[in-house]
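Novice:
Residue numbers (the working numbering), protein chains in the order written: chain R, 2 to 246; chain A, 5 to 467.
In C-alpha cells form, the structure reads like this:
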C-alpha cells in the first residue's frame, strides 16, 4: 500500500535531480519515506535520493517497490503549478500509479523492477569537505561549459578552486576560505570531472542553498544537499575523468 | 518461459564454442588493458553470422576480466546522441559498477563498452551535424569519436562487416578486426553443448537428434539452442521422430528458395507452404518477385501475365496496409506466389542469381536527396500556402523559373531561406549555386538589389 500527498514542487525537484542521470527508476517505499538509488547508463554517476515521510503532506505506506518511467512522471508534473498538492496512490491490482492534481487524474503504468539492480553507496577516500553556496559554484561551471568538456576541482587548506582549459581559453574560479561556508582539506585534493555531468548535478540545487562537496585525489566527487526543508536529501557521486598521459 | 539461449549463455571464454585463436587474441588484448596499458587498438570489431557467439564472447571476456559492461544493443535507440551520451561518456570516465563499487582504471578495473549490431545504427545526422559536411554520418561518426577518445575497451559487433565499414573507412584502422568463421566451429562442440543443456533440463535427447540439430544450424549456435528448446518443451525424452516438429527450413536463403520454387515449379500447395514458413513480410517478398520476373521468364506473354498477378497482389497489400486487416495478406501471398508460378506456360531453363529489389536500393541511396526535396517542398509550400503534395506539382515550374533567372533564384534563396543543398536540388548546377552563395556573402551593390526586390514585390502581388 502506498498513498501520499506531496507539494508539487518537491516532486518536481525530485524529478529534476534524478532524470538527468536515469529515466527508469526503482523507488523503494517504506513507512519512513521513499528512497531511490541508481547508476546512470554510462556507469559514470550515481544518485542516492531519500525523501522522509515528513516531507509529505500526508503519507501512508507499507514496504513496497515502485518502478517508474520518470519521463512520464515529468510530463504529468508539467501540468501542476507550483502551489499545487499532488496525490499519489499505488494501485496494486492494475500495477499503476495514480496521480491526482486537482481534478485531473493520471494513471501511470509501472515498469517491472526485477532485474533492476540497486547499487550500494561505495566507501570512498574523500578527505576534503567543502560547503559552498550552489550559485557560486554554478557560475564557474557555466563559464567552463563553453570552453571545455572537463574541469579540475582542487581543494587546498585555504581555498577551493575550479579550473577549465580549452584550446585557447581558460576559466578559473577561486573561492577562498572566507567565501565558503565550510572548508576542511587536510591535504591537497585534485580530481578531474565532466562539466556536463557537474552542471546537471548542481542545477537542481536552488540559488544560495548550501551544497556540500567531498573531494579526493583522482577519485569520485560526492555532492550532498538537502531540500524540502531538510526533510529530503540528495547525494550524487560522479566518477572522475581518466587523465590520459 | 525462460529463454535457454540466455539461461545457458556461456559464463567463461572457455565455455564459448569457437575458434581458440580468437580467444587467445582477445585475452592478450584484455590483459594489456588490465595491466594498465592502453593497447594500440582500443576497439575490436567482432563480425560473423548471427548466432555464432559474438555477443557471448564479448560478455564472457568481460566477466573473465572483471569488467563492468555497458551494452548498447538493438533495443536501445542508438543514434549519435545516445552513443555520445552513453558510450563516449562511459569510455572517458572511471566507473561505478551496477552494484555500486567504484572501479579505478589504474587498478586495471575497466568497463567494456559493447555496441551490439553496430552495422545497424541509426544513421540520420543530428541537428548539430547538419551544418557540417555531408559525409558526416551520425552514428558511425560518434563511434569513431568515441574510440579515439576512449580509455576503456570497446567491442563493436556486426553481422555485416561491409555494412559497418561503409562510409566509415576510419573504423578499419582504429579497430582490430576479428572474423567468426563457422567453419572453425567443430560439430562435436555444438553437440556437447546441446547435450549439457538437455541434461541440466532433465530431458533425455538421443544422440542422432543432437547431431542433426547441430548439423542443421550451420554455425548458428543460438538457433540450435532454440531448436533444442522447442523440441524439448513438454517432453522428458526426445527421439528422432520428434525432429519433425522443427519443420526444418534453410535459414540463410529462404527468400531465394521461395523465388526458385515460384519460378521453377507450378506446385501451388508447396509454394504456399514455404511462403508461410519464411520470415519475411509479403511487402518485401513482392518486391523480390517483381524484380526477378524478367530474369526468369522469357516469353513476353508470361511476363505480362505474371506482372498482372503481382499487381493484383499489390492491390491486396494496399488494402491490408490501409485497413490494418493483415488477414488480407493471405490473398496477396497466394496471388504473388501461386499466381506468378502458374502464369508461365512452360518451364524455363535455370538461370543464375536472383537480384535484390532495386526499388529498395534506390530508396536507400536516394534518402538524402528525398529528404532535401521534402524540405524544399515544405518551405515553398509554406510560402504558397499549399500542402507538400500540391507543391510537388509545380516544383518543376518553379525550378525552371529559377534556373532561367538568377536574380529570381537569389531572391527565393533569401526569401525561403534555402540551404546550399536545397538550392543544388533546384538548380542542378553546382557552379551557379556557389556563385549565388558567394555573391550573397560579398553583398551585391545595393541599387541592383533594390531593383530586384521591387520587381519581386510586383510579382509577389501576382501570386
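Every residue gets a Cβ at the ideal spot worked out from N, C-alpha and C, and that includes glycine. Please read these numbers as outputs of a predicted model, since none were measured by experiment.
Below 9 Å between beta carbons is the criterion; list the residues of the stretch 18-47 of chain R that meet it against any residue of chain A, in chain order.
Specialist: Listed by position, the residues of the stretch 18-47 of chain R near chain A (Cβ gap below 9 Å) are 38, 40, 41, 42, 43, 44, 45, 46 and 47.
Novice: Compare the Cα-Cα distances from residue 347(A) to each of 122(A), 214(A) and 272(A) and report the closest residue.
Specialist: As a first step, residue 347(A) is located in the second chain; it is residue number 343 there, counting from the start. If we check each option's Cα against that of residue 347(A), 272(A) comes out closest.
Novice: On a Cα-Cα basis, can you pick out the residue from 15(A), 422(A) and 47(A) that is closest to residue 122(A)?
Specialist: To locate residue 122(A), count along the second chain from 1; it is residue 118. Selected option, being the one with the closest Cα: 47(A).
Novice: Does chain R have any CB closer than 8 Å to the CB of residue 132(A)?
Specialist: Within the second chain, residue 132(A) is the residue found at index 128, counting from 1. For residue 132(A), the pLDDT reaches just 46, beneath the cut-off of 50, and the residue's location in the model is therefore unreliable, although a value from the coordinates is still provided. No, residue 132(A) does not count as interfacial toward chain R.
Novice: From the DSSP output, in three-state form, read off residue 210(R) for me.
Specialist: As a first step, residue 210(R) must be located in the first chain, where it is residue number 209. DSSP places residue 210(R) in coil when its eight states are reduced to three.
Novice: Is residue 229(A) helix, strand or coil by DSSP?
Specialist: Numbered from 1 along the second chain, position 225 holds the residue referred to as residue 229(A). It is helical.
Novice: Between residue 72(A) and chain R, is any beta-carbon pair separated by less than 8 Å?
Specialist: On the second chain, position 68 is the one that residue 72(A) refers to. Yes, residue 72(A) lies at the interface with chain R (some Cβ there is under 8 Å from its Cβ).
Novice: Residue 140(R) and residue 174(R) - do their beta-carbons sit closer together than 8 Å?
Specialist: Counting from 1 along the first chain, the entry for residue 174(R) is found at position 173. Counting from 1 along the first chain, the entry for residue 140(R) is found at position 139. Closer than 8 Å, so yes.
Novice: Kindly list the residues whose CB is nearer than 8 Å to the CB of residue 153(A), restricted to its own chain and excluding five residues on each side of it in sequence; keep chain order.
Specialist: Within the second chain, the letter at position 149 stands for residue 153(A). Cβ neighbours of residue 153(A) beyond the five flanking positions: 92, 95 and 96.
Novice: Short check: CB of residue 14(R) to CB of residue 226(R), under 8 Å?
Specialist: Here residue 14(R) refers to the residue found at position 13 when the first chain is read from its first residue. Here residue 226(R) refers to the residue found at position 225 when the first chain is read from its first residue. In this structure, residue 226(R) does not lie closer than 8 Å to residue 14(R) by Cβ.
Novice: DSSP state of residue 60(R), grouped into three classes?
Specialist: Within the first chain, the letter at position 59 stands for residue 60(R). Strand, per DSSP.
Novice: Is residue 238(R) helix, strand or coil by DSSP?
Specialist: To locate residue 238(R), count along the first chain from 1; it is residue 237. Residue 238(R): strand per DSSP, three-state reduction.
Novice: Whole-angstrom Cβ separation of residue 112(R) and residue 68(R), contact assumed at under 8 Å?
Specialist: Within the first chain, the letter at position 111 stands for residue 112(R). Within the first chain, the letter at position 67 stands for residue 68(R). The Cβ separation is near 4 Å, so the contact holds.
Novice: Could you have a look at residue 9(R) and say whether DSSP puts it in helix, strand or coil?
Specialist: Working through the first chain from its first residue, we reach residue 9(R) at position 8. Residue 9(R) falls in the helix class under three-state DSSP.
Novice: If I follow the unbroken alpha helix (DSSP H) through residue 139(R), where does it start and stop?
Specialist: Position 138 of the first chain, counting from 1, holds the residue named residue 139(R). Where residue 139(R) is concerned, the enclosing alpha helix (DSSP H) stretches over 135-146.
Novice: For residue 236(R), which option in 133(R), 192(R), 38(R) and 105(R) has the closest C-alpha, if you only look at C-alpha atoms?
Specialist: By 1-based counting over the first chain, the position of residue 236(R) is 235. The option with the nearest alpha carbon to residue 236(R) is 38(R).
Novice: Which of helix, strand or coil does DSSP assign to residue 2(R)?
Specialist: Looking up residue 2(R) in the first chain gives position 1. Coil, per DSSP.
Novice: Quick one: which chain R residues come within Cβ less than 8 Å of residue 115(A)?
Specialist: Taking the second chain and counting its residues from 1, the one referred to as residue 115(A) is at position 111. Going along chain R in sequence order, the residues near residue 115(A) (Cβ under 8 Å) are 44.
Novice: Judging by CA-CA distance, which residue of 320(A), 90(A), 339(A) and 298(A) is the nearest neighbour of residue 361(A)?
Specialist: As a working mapping, residue 361(A) is identified with position 357 in the second chain. Closest option to residue 361(A), Cα to Cα, is 298(A).
Novice: CB residue 172(R) to CB residue 203(R), shorter than 8 Å?
Specialist: Indexing the first chain from 1 puts residue 172(R) at position 171. Indexing the first chain from 1 puts residue 203(R) at position 202. No.
Novice: Would residue 1(R) pass as an interface residue toward chain A - the criterion being a Cβ-Cβ separation below 8 Å?
Specialist: Lying before the first or after the last residue shown, residue 1(R) is absent from chain R, which here runs from 2 to 246.
Novice: What residues of chain R sit near residue 99(A), judged by a beta carbon separation below 8 Å?
Specialist: Counted from its first residue, the second chain places residue 99(A) at position 95. Near residue 99(A) (Cβ distances below 8 Å), the residues of chain R are 44, 45 and 240.
Novice: For chain A, check one thing: does any of its Cβ atoms lie closer than 8 Å to the Cβ of residue 195(R)?
Specialist: Position 194 of the first chain holds residue 195(R). So, interface residue.
Novice: Determine the contact status of residue 231(A) and residue 250(A), defining contact as a CB-CB distance below 8 Å.
Specialist: Translated into the one-based positions of the second chain, residue 231(A) becomes position 227. Translated into the one-based positions of the second chain, residue 250(A) becomes position 246. In contact: residue 231(A) and residue 250(A) (Cβ atoms closer than 8 Å).
Novice: What in chain A is Cβ-close to residue 216(R), meaning under 7 Å?
Specialist: Looking up residue 216(R) in the first chain gives position 215. By Cβ distance, chain A contributes nothing, its closest Cβ being about 14 Å from residue 216(R), past 7 Å.
Novice: Looking at the structure shown, is residue 196(R) part of a helix, part of a strand, or coil, going by DSSP?
Specialist: Within the first chain, residue 196(R) is the residue found at index 195, counting from 1. In this structure, residue 196(R) counts as helix in the three-state DSSP scheme.
Novice: In its own chain, which residues sit with a C-beta less than 8 Å from the C-beta of residue 133(A), not counting the 5 before and 5 after it?
Specialist: As a working note, residue 133(A) is residue 129 in the second chain. In this prediction, residue 133(A) has a pLDDT of 44, which is less than 50 and means its spatial position is unreliable; what the coordinates show is noted afterwards. Excluding residues within five positions, the ones whose Cβ falls inside 8 Å are 84, 140, 142 and 145.
Novice: Residue 109(A) touches chain R at which residues, Cβ-Cβ below 9 Å?
Specialist: Stepping through the second chain from its first residue, residue 109(A) is reached at position 105. Simply 243.
Novice: Check the Cβ of residue 353(A) against every Cβ in chain R and list those closer than 9 Å, keeping chain order.
Specialist: On the second chain, position 349 is the one that residue 353(A) refers to. Chain R residues near residue 353(A): none, gap ~57 Å exceeds 9 Å.
Novice: Taking a contact to mean a Cβ-Cβ separation below 8 Å, would you say residue 3(R) touches residue 74(R) in this structure?
Specialist: Here the question's residue 3(R) lines up with position 2 in the first chain. Here the question's residue 74(R) lines up with position 73 in the first chain. No; because the gap between Cβ atoms is not below 8 Å, this pair is not in contact.
Novice: Among 89(A), 25(A), 164(A) and 102(A), which one has its Cα closest to the Cα of residue 124(A)?
Specialist: In the second chain, counting from the first residue as 1, residue 124(A) sits at position 120. When each option's Cα is compared against that of residue 124(A), the closest is 164(A).
Novice: For a contact meaning CB atoms closer than 8 Å, what does residue 372(A) contact in chain R?
Specialist: On the second chain, position 368 is the one that residue 372(A) refers to. None at all; the shortest Cβ gap to chain R is about 30 Å.
Novice: If you draw a straight line from the C-alpha of residue 138(A) to the C-alpha of residue 379(A), how long is it?
Specialist: One-based indexing of the second chain puts residue 138(A) at position 134. One-based indexing of the second chain puts residue 379(A) at position 375. Caution is warranted here: a pLDDT of 35 is assigned to residue 138(A), below 50, making its placement in the model unreliable, and no coordinate value can be reported.
Novice: Any contact of the stretch 107-119 of chain A with the stretch 158-173 of chain A, i.e. 3+ C-beta pairs under 8 Å?
Specialist: As far as the Cβ criterion goes, the stretch 107-119 of chain A touches the stretch 158-173 of chain A, which means the pair count is three or higher.
Novice: Rounded to a whole number of angstroms, what is the C-alpha to C-alpha distance between residue 198(A) and residue 345(A)?
Specialist: The residue labelled residue 198(A) in the question sits at position 194 within the second chain. The residue labelled residue 345(A) in the question sits at position 341 within the second chain. For residue 198(A) and residue 345(A), the distance between alpha carbons rounds to 40 Å.
Novice: Would you mind reading off the limits of the alpha helix (DSSP H) that contains residue 1(R)?
Specialist: Because chain R spans 2 through 246 in this model, residue 1(R) falls outside it and cannot be assessed.
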